[in-house]
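Asker: Quick one: the structure is below, questions incoming.
There are 2 protein chains.
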Amino acid sequence: MTNLVIFYYLKKYFFIFINFAPQFKIMNEKRTEVASLGEFGLIRQLTNQIELRQPSTIKGIGDDAAIISLADNKCMVVSTDMLTEGIHFDLMYVPLKHLGYKSVVVNVSDIYAMNAIPTQITVSIAISNRFSVEALEELYAGINAACKEYNVDLVGGDTTSSLKGLVISITAIGEVQKEKITYRNTAKIGDLICCTGDLGAAYLGLQILEREKQLYLSDPNTKPDLENQQYLIGRQLKPEARKDFIEMFEKNKLIPTSMIDISDGLASELHHICSQSGVGAIVEESGVPIHPDAELMAIKFNLDPITCALNGGEDYELLFTIDPSDTEKIKYLPDVYIMGEIVAASEGIQLHTKGGNIHKILAQGWVHF
Amino acid sequence: MTNLVIFYYLKKYFFIFINFAPQFKIMNEKRTEVASLGEFGLIRQLTNQIELRQPSTIKGIGDDAAIISLADNKCMVVSTDMLTEGIHFDLMYVPLKHLGYKSVVVNVSDIYAMNAIPTQITVSIAISNRFSVEALEELYAGINAACKEYNVDLVGGDTTSSLKGLVISITAIGEVQKEKITYRNTAKIGDLICCTGDLGAAYLGLQILEREKQLYLSDPNTKPDLENQQYLIGRQLKPEARKDFIEMFEKNKLIPTSMIDISDGLASELHHICSQSGVGAIVEESGVPIHPDAELMAIKFNLDPITCALNGGEDYELLFTIDPSDTEKIKYLPDVYIMGEIVAASEGIQLHTKGGNIHKILAQGWVHF
């Protein structure tokens, strides 16, 4: 250790000693609230200093996953997600097994969104002492079930304690041929906007569970009213990632011009694709797939079904764009919907309603902060 | 979606509805405390059901990092660590910049322990609303400084909120030629036990900071007594991973027969190597490197210096074994110490004290739970 380093330490110590107090108090002199930037603004603020030094790093922050080049034109894909109790899940109604399953799904979904195949995951958890070994076994039973379903290996992790609540952090690794990678920033004017499955159901499932929770809390003897809500609650508690579409793209030799998974809602994801690709979009309301159960439940909750589809989130469907010449390749695929077209950036991001009106689509997404 | 799946959902719903209450309460009928298993027992319990399906997975859970095979005899190395406020760090005296730096060091150290070179990291954080943007910028300044020092790229992550405190989860990725990987389970009888740097100083640095914190809390006008403690506090607040040794091994064409990084203390790491390799070990107390400052401070705290070295932890030095025929290759390296020998498992893990006594070394390590 050189003198220089010791001097550095020394300075740092003085810094600490003068302010022998929590760092976040020191910062109060100039304090910008995280909420004022929002999640994406905060990420930009924190990562704008980042330099990339490794020649193997093809894509860093800014897409569903990072891309690292390997030999033979292959690439490795890496994505990570953190779920915290009270923010992302409520153990009042989320069974731990489902939570484990969903935690893996959320991550492999990001790998699929790059048109890649997930291969391995690591799982780190922090737990408070209210969790028993049996409770954690439930959580891992769900994680293992998802590993089996998506054919990924759980290869590592960390297990530690927290002062409060459960935190789950999963990193997923996948692989893809370089020429097949689907980024967010490569949509082009004239491309068709497509999406898999249907949207808004997971959000409505959450509304049902929240309603039942409130009823239960006000009267624990109340009988939950969940009949005929299997589809909506299933979409919330046990979502699936669209592995089948990555396989179908491969089989039909289709490479989308851009792709993203729908975790924060159609509106937010569309904004990511458009702003990163430097384009605009027109979405036809009639082209946005909404399940009949979601439509009915939205009305029951006094919500607009299209708003649930645009801003609901947690659908884990794929939003992608294709060159119009590839239309034939998806036309006969089940469960895929063409909902609009990529246009010039100057046109913005618009919704053409069934009634013939034009609305601007705002990027609402989920607000954690 | 098939009927079968809907039936599965239905069953699951009944399970939830009957028990519309937090899952951990349900589990109370049979409740095993996590503390009764300890961290390593818990990991075994949770991971014993894991099946590996991917042919590329060479090593899953059980070493410093997982190993995934790539083309050209290369391997990818993956490791992950989670740090939680109040458990791993105390923001009362840990500056956020140092915390960011250390979080990266902890992870790249695991990559080096496989004799690999770290290349990329992902960083996920969960924060409560007491953290300002400026505070997070400090944290990321430390993360970026470590990325520069260790030549790794920050390629991804997640930023979310927590109900309480700060959680940092980092995953590090590295690469290594297959034949150079150093596992924990490959030490053999007759090998020499070596370690880099010195041990116990980080633990004593922590004791000093804890003492000063208590004094500060009882009287905020007290002036901290930290003069001449730069070395010990520096080892705690700004540890470095032994990148230099991986480079020296390469230069001297030395491949240790086994290796692990010292995060939980020499005793715990030695137990990992011995139990996984099916061997025992004899350590000479006189061979365990302890910095003079650590020796003095241990005595001041009424602690045995060798106990601090054995059980202190957070040194982030490398513990490795070499074939005796390689002795010449490390003999003239700076900052490396031969402290003992691998023996038959039947001999256990022993410490030969300076006074000529023989003690059993117990695997104390850090107890989170």
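Line by line, the protein sequences are chains X and A. Under the numbering used here, the residues of the first sequence are numbered 183 to 551, in order. Under the numbering used here, the residues of the second sequence are numbered 183 to 551, in order. Built from N, CA and C at the ideal position, the CB exists for glycine as well. For clarity, every value in this text was computed on a predicted model and none was experimentally measured.
Looking at the structure shown, is GLU409 of chain X part of a helix, part of a strand, or coil, going by DSSP?
Answerer: Against the first sequence, residue 409 of chain X aligns to sequence position 227. Of the three classes helix, strand and coil, the one that applies to GLU409 of chain X here is coil, per DSSP.
Asker: Check whether chain X comes within 7 Å of ALA328 of chain A, counting only Cβ atoms and requiring the distance to be less than that.
Answerer: Indexing the second sequence from 1 puts residue 328 of chain A at position 146. So no, ALA328 of chain A is outside the interface.
Asker: With 7 Å set as the bound, which would you pick, yes or no: does the beta-carbon of THR364 of chain A sit closer than that to a beta-carbon of chain X?
Answerer: If you number the second sequence from 1, residue 364 of chain A lands on position 182. Answer no: the Cβ-Cβ gap between THR364 of chain A and chain X never drops below 7 Å.
Asker: If contact means a Cβ-Cβ distance below 7 Å, which residues of the segment 221–234 of chain A contact chain X?
Answerer: Here the close residues are GLU221, LEU224, ILE225, GLN227, LEU228, GLN231, ILE232 and LEU234.
Asker: Could you confirm whether any beta carbon from chain A is found closer than 7 Å to the beta carbon of ASN289 of chain X?
Answerer: For this step, residue 289 of chain X is matched to residue 107 along the first sequence. No, its Cβ sits nowhere closer than 7 Å to a Cβ of chain A.
Asker: Which class does ILE531 of chain A belong to by DSSP, given the choice of helix, strand or coil?
Answerer: Taking the first residue of the second sequence as position 1, residue 531 of chain A is located at position 349. Three-state DSSP puts ILE531 of chain A in a strand.
Asker: Report yes if the C-beta distance between GLN231 of chain A and LEU219 of chain A is below 7 Å; otherwise report no.
Answerer: Along the second sequence, one-based indexing puts residue 231 of chain A at 49. Along the second sequence, one-based indexing puts residue 219 of chain A at 37. In this structure, LEU219 of chain A does not lie closer than 7 Å to GLN231 of chain A by Cβ.
Asker: Give the residues of chain X in contact with ILE464 of chain A, contact being defined as C-beta atoms less than 7 Å apart.
Answerer: Looking up residue 464 of chain A in the second sequence gives position 282. Neighbours of ILE464 of chain A on chain X: none; closest Cβ ~31 Å, over 7 Å.
Asker: Let's test the definition: count the other Cβ atoms within 10 Å of the Cβ of GLY379 of chain A and tell me whether it reaches 16, buried, or not, exposed.
Answerer: Counting from one through the second sequence, the residue named residue 379 of chain A turns up at place 197. Buried, because 16 or more other Cβ atoms sit within 10 Å of the Cβ of GLY379 of chain A.
Asker: Cα separation between PRO506 of chain A and ILE390 of chain A?
Answerer: For the purposes of this step, residue 506 of chain A is taken as residue 324 along the second sequence, with counting starting at 1. For the purposes of this step, residue 390 of chain A is taken as residue 208 along the second sequence, with counting starting at 1. The alpha-carbon atoms of PRO506 of chain A and ILE390 of chain A are separated by roughly 39 Å.
Asker: Using a 10 Å radius around the Cβ and a threshold of 16 neighbouring Cβ atoms, would you call GLU499 of chain A buried or exposed?
Answerer: Here residue 499 of chain A refers to the residue found at position 317 of the second sequence. Buried is the call here.
Asker: Rounded to a whole number of angstroms, what is the C-alpha to C-alpha distance between THR503 of chain X and GLY530 of chain X?
Answerer: As a working note, residue 503 of chain X is residue 321 in the first sequence. As a working note, residue 530 of chain X is residue 348 in the first sequence. Whole-angstrom Cα-Cα distance: 17 Å.
Asker: With a CB to CB cut of under 8 Å and the five nearest residues on each side skipped, what residues in its chain are close to SER343 of chain X?
Answerer: Locating residue 343 of chain X in the first sequence gives position 161, counting from the first residue. Result list for SER343 of chain X: ALA308, ILE309, SER310 and ASN311, in chain order.
Asker: Following the continuous alpha helix (DSSP H) through LYS542 of chain X, name the residue where it begins and the one where it ends.
Answerer: For the purposes of this step, residue 542 of chain X is taken as residue 360 along the first sequence, with counting starting at 1. No alpha helix (DSSP H) holds LYS542 of chain X; the beta strand (DSSP E) holding it covers 540–542.
Asker: Return the chain-ordered ranges of every beta strand (DSSP E) run that is complete within the segment 442–488 of chain X and spans a minimum of 3 residues.
Answerer: The qualifying runs are 461–466.
Asker: What three-state label does DSSP hand ILE512 of chain X in the structure shown?
Answerer: For the purposes of this step, residue 512 of chain X is taken as the residue at position 330 of the first sequence. If DSSP states are grouped into helix, strand and coil, ILE512 of chain X belongs with the helices.
Asker: Express the C-alpha separation of ASP443 of chain X and ILE512 of chain X in angstroms, rounding to a whole number.
Answerer: Numbered from 1 along the first sequence, position 330 holds the residue referred to as residue 512 of chain X. Numbered from 1 along the first sequence, position 261 holds the residue referred to as residue 443 of chain X. Taking the straight line joining both Cα atoms gives about 18 Å.
Asker: Of all the residues that make up the segment 274–305 of chain A, which are near chain X by a beta-carbon distance shorter than 9 Å?
Answerer: Within the segment 274–305 of chain A, the qualifying residues are MET274, TYR275, VAL276, PRO277, LEU278, LYS279, HIS280, LEU281, THR301, GLN302, THR304 and VAL305.
Asker: Do you know offhand how far VAL286 of chain A's Cα is from ASP246 of chain A's?
Answerer: If you number the second sequence from 1, residue 286 of chain A lands on position 104. If you number the second sequence from 1, residue 246 of chain A lands on position 64. Spanning the two alpha carbons is a distance of roughly 15 Å.
Asker: Could you spell out where the alpha helix (DSSP H) holding SER400 of chain A opens and where it closes?
Answerer: Your numbering for residue 400 of chain A matches position 218 in the second sequence. Note, SER400 of chain A: alpha helix (DSSP H), 383–400.
Asker: Which class does ASP497 of chain X belong to by DSSP, given the choice of helix, strand or coil?
Answerer: Counting from 1 along the first sequence, the entry for residue 497 of chain X is found at position 315. Looking at ASP497 of chain X - three-state DSSP - the assignment turns out to be coil, as it is neither helix nor strand.
Asker: Rounded to the nearest angstrom, what separates VAL349 of chain X and GLN302 of chain X at their Cα positions?
Answerer: By 1-based counting over the first sequence, the position of residue 349 of chain X is 167. By 1-based counting over the first sequence, the position of residue 302 of chain X is 120. One C-alpha to the other measures close to 20 Å.
Asker: Can you tell me whether LEU281 of chain A is helix, strand or coil according to DSSP?
Answerer: On the second sequence, position 99 is the one that residue 281 of chain A refers to. Three-state DSSP puts LEU281 of chain A in a helix.
Asker: Tell me which residue opens and which closes the alpha helix (DSSP H) that LEU317 of chain A is part of.
Answerer: As a working note, residue 317 of chain A is residue 135 in the second sequence. It is Ala, not Leu, that sits at residue 317 of chain A in the sequence shown. Run containing ALA317 of chain A: 315–331, per the alpha helix (DSSP H) assignment.
Asker: I'd like to know if the segment 389–405 of chain A and the segment 532–546 of chain A are in contact, where contact means that at least 3 CB-CB pairs between them fall below 8 Å.
Answerer: The segment 389–405 of chain A, when compared against the segment 532–546 of chain A, does not touch it at the 8 Å Cβ threshold.
Asker: I believe GLN532 of chain A touches ILE464 of chain A by the beta-carbon criterion, under 8 Å. Please report the beta-carbon distance rounded to the nearest angstrom.
Answerer: For the purposes of this step, residue 532 of chain A is taken as the residue at position 350 of the second sequence. For the purposes of this step, residue 464 of chain A is taken as the residue at position 282 of the second sequence. That belief holds up - the Cβ atoms of GLN532 of chain A and ILE464 of chain A are roughly 5 Å apart, short of 8 Å.
Asker: Residues in the segment 247–263 of chain X with C-beta within 9 Å of chain A's C-beta atoms, listed in sequence order?
Answerer: Listed by position along the chain: ALA247, ALA248, ILE249, ILE250, LEU252, ALA253, ASP254, LYS256, MET258, VAL260, SER261, THR262 and ASP263.
Asker: Consult DSSP for ALA354 of chain X and reduce its assignment to one of helix, strand or coil.
Answerer: Position 172 of the first sequence, counting from 1, holds the residue named residue 354 of chain X. Here ALA354 of chain X sits in strand by DSSP.
Asker: Closest to ILE352 of chain X by C-alpha separation, out of X:MET479, X:VAL525, X:ASP263 and X:LEU492, would be which residue?
Answerer: Against the first sequence, residue 352 of chain X aligns to sequence position 170. The option with the nearest alpha carbon to ILE352 of chain X is X:ASP263.
Asker: Using a Cβ-Cβ distance under 7 Å, would ALA308 of chain X count as near chain A?
Answerer: Along the first sequence, one-based indexing puts residue 308 of chain X at 126. Yes - at least one Cβ of chain A is within 7 Å of the one on ALA308 of chain X.
Asker: What does GLY268 of chain X reach in chain A if we use C-beta pairs closer than 7 Å?
Answerer: By 1-based counting over the first sequence, the position of residue 268 of chain X is 86. LEU345, listed in chain order.
Asker: Using only the alpha-carbon positions, how far apart do GLY347 of chain A and LEU515 of chain X sit?
Answerer: The sequence position of residue 347 of chain A within the second sequence is 165, counting from 1. The sequence position of residue 515 of chain X within the first sequence is 333, counting from 1. Their backbone Cα atoms lie some 47 Å apart in a straight line.
Asker: Roughly how many angstroms separate the alpha carbons of CYS377 of chain X and GLY324 of chain A, rounded to a whole number?
Answerer: In the first sequence, counting from the first residue as 1, residue 377 of chain X sits at position 195. In the second sequence, counting from the first residue as 1, residue 324 of chain A sits at position 142. If I take the Cα positions, the gap works out to 40 Å.
Asker: Distance check for LEU273 of chain A and SER528 of chain X, CA to CA, integer angstroms please.
Answerer: Counted from its first residue, the first sequence places residue 528 of chain X at position 346. Counted from its first residue, the second sequence places residue 273 of chain A at position 91. So the alpha carbons of these two residues sit roughly 47 Å apart.
Asker: For LYS330 of chain X, which of A:GLN236, A:ASN493 and A:GLU316 has the nearest alpha-carbon?
Answerer: Along the first sequence, one-based indexing puts residue 330 of chain X at 148. Out of A:GLN236, A:ASN493 and A:GLU316, A:GLN236 has the C-alpha closest to the C-alpha of LYS330 of chain X.
Asker: Tell me the DSSP secondary structure of ASP373 of chain A in three-state form.
Answerer: By one-based count along the second sequence, residue 373 of chain A stands at place 191. Three-state DSSP puts ASP373 of chain A in coil, outside helix and strand.
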